[in-house]
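Comments concern the structure below.
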Amino acid sequence: MRIAIMGSGGMGGYFGGMLARAGEDVHFIARGAHLEAMKASGLTVKTSKAEEFNITAKATDNPADIGAVDLVLFCVKTFDTEEIANFIKPLIGPDTVVMSLQNGVDNEEIIEKIIGPGHVIGAAAYVLAKIDSPGVISESINWKIILGERTGEHTQRVEQITKAFEAAGQTVEVPDDINVAIWSKLLGITTMAAITCVTRLPAAHIFSCPETRALTHGILDEGISVAIANEIAIPDTLGDEFKALFDTFPPNYRASMYQDLENGRRMELDDIIGVIVRLGEELGVPTPLTFAAYASLKPYANGKPAMPT
5 MRIAIMGSGG MGGYFGGMLA RAGEDVHFIA RGAHLEAMKA SGLTVKTSKA EEFNITAKAT
65 DNPADIGAVD LVLFCVKTFD TEEIANFIKP LIGPDTVVMS LQNGVDNEEI IEKIIGPGHV
125 IGAAAYVLAK IDSPGVISES INWKIILGER TGEHTQRVEQ ITKAFEAAGQ TVEVPDDINV
185 AIWSKLLGIT TMAAITCVTR LPAAHIFSCP ETRALTHGIL DEGISVAIAN EIAIPDTLGD
245 EFKALFDTFP PNYRASMYQD LENGRRMELD DIIGVIVRLG EELGVPTPLT FAAYASLKPY
305 ANGKPAMPT
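Each position in the sequence shown, counted from 1, maps to that position plus 4 in the working numbering.
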């Protein structure tokens with residue numbers, strides 16, 4: 005497949021590197037020092053399985069240099085979705101598939117309105133990766149990727165993408181309802197983003213403290229209640245599954261939102277934690293714990309606030 009990675013940071017760089025190593029024709033769209041490093045020295049990927057490899061990276065900052073592709077992996081921040089959906093139009097041919105690997109629950113609709121119907125499929129990737137240094141990606145968690153048509157159909161294009169990811173060493177699931185998978189990921193991310201950002205601590209400290217552990221579980225339970233009230237078919241077992249999963253996180257795990265908070269960058273606060281708060285208000289579902297986390301982080305939403313002199 006001819007694949008474009010729109011946003012070659014942690015997740016995009018990781019999946020792009022794995023797919024390229026497996027033989028796919030991968031083109032990376034990046035910028036700044038990361039782009040220059042990939043052009044000069046290729047892309048290096050370090051995995052949680054203690055693998056490290058380097059690929060020659062076809063990298064650019066201009067989608068027009070690439071042209072139409074079979075698949076676009078859309079890996080940008082939620083607040084950039086509309087702008088970047090317009091930016092990738094040179095990548096879109098009659099049969100191009102765009103697969104959002106973003107956080108949040110409404111990116112697919114936004115992208116489809118801009119590039120046209122029939123191109124967008126849904127996905128939820130349980131992967132944690134970051135740029136270690138320009139041209140170097142480090143993956144610390146790789147559980148699975150869930151993907152599928154938003155209609156629930158099992159199509160040839162989904163099968164082709166599934167095979168490509170499996171050949172690249174990924175665990176892939178194709179559910180009957182991708183919306184449930186996207187929402188389930190939101191619930192997990194909301195919980196861990198809220199607790200790691202508010203405490204400024206990694207998983208080891210959060211889950212070894214009974215009170216903080218209980219707070220984490222309470223935030224998750226609130227999100228599940230909101231999703232159910234929003235008529236999302238959340239499985240009865242999801243809460244217990246996530247709580248068990250949290251216990252397997254590396255001791256130094258922090259949510260990706262924490263990385264933005266720590267570095268003074270704009271956060272996806274309103275599209276992750278804020279979604280649960282807003283829908284809770286609309287649906288009459290109390291979310292006091294989630295609201296407290298959201299309100300505590302709101303001053304940092306657009307980056308570190310300037311301190312008064």
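Ideal Cβ placement from N, Cα and C applies to all residues, glycine included. Treat the numbers as computed from the prediction; the structure is a model and nothing was measured.
Which same chain residues, not among the five before or five after residue i, have their C-beta less than 6 Å away from its C-beta?
i: Phe253; result: Ala207
i: Ala275; result: Contrary to the premise, residue 275 reads as Asp rather than Ala in this sequence. Once the five neighbours on either side are set aside, the close Cβ partners of Asp275 are Thr82 and Gly108.
i: Ile186; result: Val109, Gly126 and Ala128
i: Gly97; result: Ala72
i: Ile145; result: Leu132
i: Leu301; result: Cys201 and Leu273
i: Leu75; result: Met5, Ile7 and Val101
In three-state DSSP terms, what is residue i?
i: His31; result: strand
i: Gly14; result: helix
i: Leu132; result: strand
i: Ile346; result: A query on residue 346 cannot be resolved here, the shown segment of the chain reaching from 5 to 313 and no further.
i: Thr64; result: strand
i: His38; result: helix
i: Asp84; result: helix
i: Ala157; result: The sequence shown places Glu at residue 157, rather than the Ala named in the question. The answer is coil: DSSP assigns Glu157 none of H, G, I, E or B.
i: Pro303; result: helix
i: Ile96; result: coil
i: Gly243; result: helix
i: Ala168; result: helix
i: Val162; result: helix
i: Ala24; result: helix
i: Ala296; result: helix
i: Ala89; result: helix
i: Asn107; result: coil
i: Ala44; result: helix
i: Lys308; result: coil
List the DSSP bridge partners of residue i.
i: Glu56; result: Lys50
i: Ser142; result: Lys50 and Lys134
i: Val76; result: Ala8 and Val102
i: Leu151; result: Ala127
Would you kindly work out how many angstroms separate the C-alpha atoms of residue i and residue j, rounded to a whole number?
i: Ile236; j: Gly46; result: 42 Å
i: Val30; j: Gly36; result: 19 Å
i: Pro121; j: Leu105; result: 18 Å
i: His209; j: Leu191; result: 21 Å
i: Ala24; j: His123; result: 22 Å
i: Arg6; j: Ile182; result: 24 Å
i: Thr203; j: Glu215; result: 12 Å
i: Phe211; j: Leu265; result: 21 Å
i: Glu163; j: Tyr130; result: 19 Å
i: Asp69; j: Ala34; result: 12 Å
i: Leu287; j: Ala233; result: 7 Å
i: His158; j: Met311; result: 53 Å
i: Tyr262; j: Thr294; result: 16 Å
i: Gly11; j: Thr175; result: 22 Å
i: Thr166; j: Leu151; result: 8 Å
i: Leu205; j: Ala197; result: 11 Å
i: Lys247; j: His221; result: 7 Å
i: Pro290; j: Glu40; result: 48 Å
i: Ala296; j: Gly268; result: 21 Å
i: Asn256; j: Asn66; result: 36 Å
i: Gly307; j: Gly14; result: 20 Å
i: Phe250; j: Leu219; result: 13 Å
i: His38; j: Thr51; result: 18 Å
i: Tyr298; j: Pro292; result: 10 Å
i: Phe91; j: Asp99; result: 18 Å
i: Gly139; j: Glu285; result: 43 Å
i: Gly16; j: Ile9; result: 6 Å
i: Arg282; j: Lys43; result: 43 Å
i: Ile135; j: Glu177; result: 26 Å
i: Ile118; j: Lys93; result: 9 Å
For residue i, collect the residues of the same chain with a Cβ closer than 7 Å to its Cβ; drop the 5 residues on either side in sequence, then sort them by chain order.
i: Ile115; result: Phe78, Thr85, Ala89, Val102, Ser104 and Val124
i: Ala168; result: Met5, Leu23 and Glu28
i: Ile193; result: Asn107, Ala259 and Ile276
i: Ile59; result: Gly21, Ala24, Arg25, Gly46 and Leu47
i: Gly243; result: Leu224, Asp225 and Ile228
Note down, in chain order, each residue of its chain lying with its Cβ closer than 8 Å to the Cβ of residue i, except the 5 sequence neighbours on either side.
i: Arg154; result: Glu112, Val124, Ile125, Gly126, Ile182 and Asn183
i: Pro303; result: Pro309
i: Pro179; result: Ile150, Gly152 and Ala185
What beta strand (DSSP E) runs, 3 residues minimum, are completely inside the region 177-237?
You should have found no qualifying run.
Contained beta strand (DSSP E) runs [length at least 3] in the region 249-294, N- to C-terminal order
As far as the region 249-294 is concerned, it has no whole beta strand (DSSP E) run of at least 3 residues.
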